[in-house]
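*Asks:* Counting from 31, one number per residue, gives the positions in the sequence shown under this note's numbering.
For every residue, glycine included, the Cβ atom is placed at its ideal position computed from N, Cα and C.
Since the structure is predicted, the reported quantities are computational estimates derived from the model, not experimental observations.
I have a structure here, written as structure tokens, and I will follow up with some questions on it.
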Amino acid sequence: MKVDLIDLSASETEQWAVSQGFEPYRGRQIRHWLLERLVRSFDDMTNLPKTLRMALKEKAIINHPEVVKILVSEDGTRKYLFRLLDGNLIESVLIPERDHYTLCISSQSGCAMGCRFCLTARGGLKRNLTPAEIIEQVICVRRSIDTQARLTNIVLMGMGEPLANYDAVVKAIMNLVGEDGMNFSHRKVTLSTCGIIPKIKHMGRDITVNLAISLNAADDETRSFLMPVNRKYPLKFLLSACRDFSLPNRRMITFEYILIKGVNDHNEDALKLVRLLSGIRAKVNLIPLNPFPGLDMSPSPMKTILHFQEILLKNNFTAIIRKSKGSDILAACGQLSGTHLHHFPLP
Ligand code: SAH
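See below:
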């Protein structure tokens, strides 16, 4: 089988070069072409000897997914639909901010977590992505925009549960943040999880990117109703893992909280949330539920959301209301399906 060198770490790529009879620094040159120059052909790697380029063509591949479609929202958000080599589909979302872009990438095709409010969950899990398939989303999007340098922020909040594909995700992140990789800042990469506790512990040990927890409820009954994963990993243990999770330089953990009308948006919920998060350097993102066809829940009214925020602010938490972008093209949180669902009429 041919090797996809983007799956490899820096030292593995050096070893590969050595295994082909070349010096280790040739491996670093190959990585430079793949991860920084973003070339798509071994012939473009002009500083390599011809013999090495021949070896690459024979034994390696550049396995990039096909861009099936790019949808552009009226707010400028762009949703990329990719087809992987085996036909599975994934999506990435490019979000323009004031002075940079944030790219939201997928870690799995589909998802097995079954959250009640999330469209991706409805199709179930197709499969895990490889490290290269995770990184290729960044490469493809970078190649498609002309202001390359401005894509500075990456969030693993697309399709899938990153901590359910732990090894591939960690490997991909190492290549994204490595100085000998794509050189993204650790502070500008965020991994979002529904709360797979053992892997949160590993993550604290293995990588130093930002952690976001999809909390969405402040008591076990409501959270288990919304997110089946909570039955296995209940709040008490989840929050204790967050307390133990250390980020350098007093960075905060982000807690995402979708506001769903009549389900988790009462005063009492906000007060429970305050108690739950006490002692954690926490930032709370309040997100009005994004609807999609067939969803039997609705977003809380803005008045309720403001009131909820007020309670958090009064208790000295940072609480930001996140108006989702790209909802007109089903590119917002929880609206990624990897299908052509966007042809359906919106509610
Ligand atoms: N599995 C990871 C990452 C993907 S979900 C996780 O759970 O964090 C990314 C975010 O979208 C999560 O915070 C989730 O709570 C949110 N989300 C899912 N469905 C949504 C919806 N219908 N409206 C608003 N946010 C939603």
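From E127 to R83, what distance separates their C-alpha atoms?
*Replies:* Looking up residue 127 in the sequence shown gives position 97. Looking up residue 83 in the sequence shown gives position 53. Rounded to whole angstroms, E127 to R83 spans 40 Å at the Cα level.
*Asks:* With a threshold of 7 Å on Cβ separation, who are the neighbours of A198 within its own chain once the five nearest residues in sequence on each side are excluded?
*Replies:* Here residue 198 corresponds to residue number 168 of the sequence shown, with the count starting at 1. Excluding positions up to five away in sequence, the list reads N158, L159, T160, P161 and I164.
*Asks:* Taking the alpha helix (DSSP H) that R128 belongs to, which residues open and close that run?
*Replies:* Along the sequence shown, read from residue 1 onward, the residue named residue 128 stands at position 98. Premise fails: R128 is in no alpha helix (DSSP H) and is neither H nor E.
*Asks:* Tell me, please, whether the stretch 251-260 touches the stretch 130-144 by the rule of three or more beta-carbon pairs shorter than 8 Å.
*Replies:* yes
*Asks:* Taking the beta strand (DSSP E) that R305 falls in, what are its first and last residues?
*Replies:* Within the sequence shown, the letter at position 275 stands for residue 305. Not the beta strand (DSSP E): R305 falls in the alpha helix (DSSP H), residues N297 to L306.
*Asks:* Where DSSP assigns a beta bridge to E121, which residues make up the other side?
*Replies:* Against the sequence shown, residue 121 aligns to sequence position 91. According to DSSP, which records beta bridges pairwise, E121 is partnered with L111.
*Asks:* Could you tell me the distance, in whole angstroms, from the CA atom of N246 to the CA atom of A362?
*Replies:* Taking the first residue of the sequence shown as 1, we reach residue 246 at position 216. Taking the first residue of the sequence shown as 1, we reach residue 362 at position 332. N246 and A362: Cα-Cα distance of roughly 16 Å.
*Asks:* Take the Cβ of N297 as the centre, count every other Cβ of all protein chains shown within 10 Å, and call the residue buried at 16 or more, exposed below.
*Replies:* Here the question's residue 297 lines up with position 267 in the sequence shown. With fewer than 16 other Cβ atoms within 10 Å, it is exposed.
*Asks:* On a CA-only basis, which of S222, F72, I227 and M212 is nearest S244? Give me that one, please.
*Replies:* The residue you call residue 244 lines up with position 214 of the sequence shown. For S244, the nearest C-alpha among the options comes from S222.
*Asks:* Closest by CA to S71, which one among Q167, I91 and T43?
*Replies:* Walking along the sequence shown from the start, residue 71 turns up at place 41. Checking every option, the nearest Cα to that of S71 belongs to I91.
*Asks:* To the nearest angstrom, how far is it from the Cα of I36 to the Cα of S330?
*Replies:* As a position in the sequence shown, residue 36 is number 6, starting the count at 1. As a position in the sequence shown, residue 330 is number 300, starting the count at 1. Distance between the alpha carbons of I36 and S330 is about 43 Å.
*Asks:* Need the endpoints of the alpha helix (DSSP H) that R83 sits in, please.
*Replies:* The residue given as residue 83 occupies position 53 in the sequence shown. From DSSP, the alpha helix (DSSP H) with R83 extends over K80 to K89.
*Asks:* How would you label L360, buried or exposed, when you count the other beta carbons within 10 angstroms and need 16 or more for buried?
*Replies:* Residue 360 sits at position 330 when you count from the first residue of the sequence shown. It counts as buried.
*Asks:* State the CB to CB distance for the pair S347 and L316, rounded to an integer number of angstroms; the pair is presumed to be in contact (CB under 8 Å).
*Replies:* Mapped onto the sequence shown, residue 347 falls at position 317. Mapped onto the sequence shown, residue 316 falls at position 286. It is Phe, not Ser, that sits at residue 347 in the sequence shown. Contact flag wrong, Cβ pair sits at about 11 Å.
*Asks:* Using the Cα positions of V207 and G154, report the straight-line distance between them to the nearest angstrom.
*Replies:* For the purposes of this step, residue 207 is taken as residue 177 along the sequence shown, with counting starting at 1. For the purposes of this step, residue 154 is taken as residue 124 along the sequence shown, with counting starting at 1. One C-alpha to the other measures close to 30 Å.
*Asks:* Would you be able to state if there are at least three C-beta pairs under 8 Å between the stretch 185-203 and the stretch 216-236?
*Replies:* yes
*Asks:* How would you call N213, buried or exposed, if buried means at least 16 neighbouring beta carbons within 10 angstroms?
*Replies:* Here residue 213 corresponds to residue number 183 of the sequence shown, with the count starting at 1. With fewer than 16 other Cβ atoms within 10 Å, it is exposed.
*Asks:* If N378 sits next to S103, beta carbons under 8 Å apart, how far is it from one beta carbon to the other, in whole angstroms?
*Replies:* Look at the range of the chain in this structure, 31 to 377, and you will see that residue 378 is not part of it.
*Asks:* If you count every other CB in all the chains shown that lies within 10 Å of the CB of T43, and 16 or more means buried, which is it?
*Replies:* Here residue 43 corresponds to residue number 13 of the sequence shown, with the count starting at 1. Its Cβ being crowded by 16 or more others within 10 Å, T43 is buried.
*Asks:* Among S41, P318 and V33, which has the Cα closest to the Cα of N205?
*Replies:* Against the sequence shown, residue 205 aligns to sequence position 175. Distances from the alpha-carbon of N205 to those of S41, P318 and V33 put S41 closest.
*Asks:* So for L256, helix, strand or coil by DSSP?
*Replies:* Along the sequence shown, read from residue 1 onward, the residue named residue 256 stands at position 226. Reduced to three states, the DSSP call for L256 is helix.
*Asks:* Note down, one range per segment and in chain order, each alpha helix (DSSP H) of at least 4 residues found wholly within the stretch 306-345.
*Replies:* 332-344
*Asks:* Is A361 near the ligand SAH - that is, is its Cβ less than 8 Å away from at least one heavy atom of it?
*Replies:* What you label residue 361 is simply residue 331 of the sequence shown in a count that begins at 1. Flag unset: Cβ of A361 not near the ligand SAH.
*Asks:* Could you tell me whether any non-hydrogen atom of the ligand SAH is closer than 8 Å to the CB of C2?
*Replies:* Look at the range of the chain in this structure, 31 to 377, and you will see that residue 2 is not part of it.
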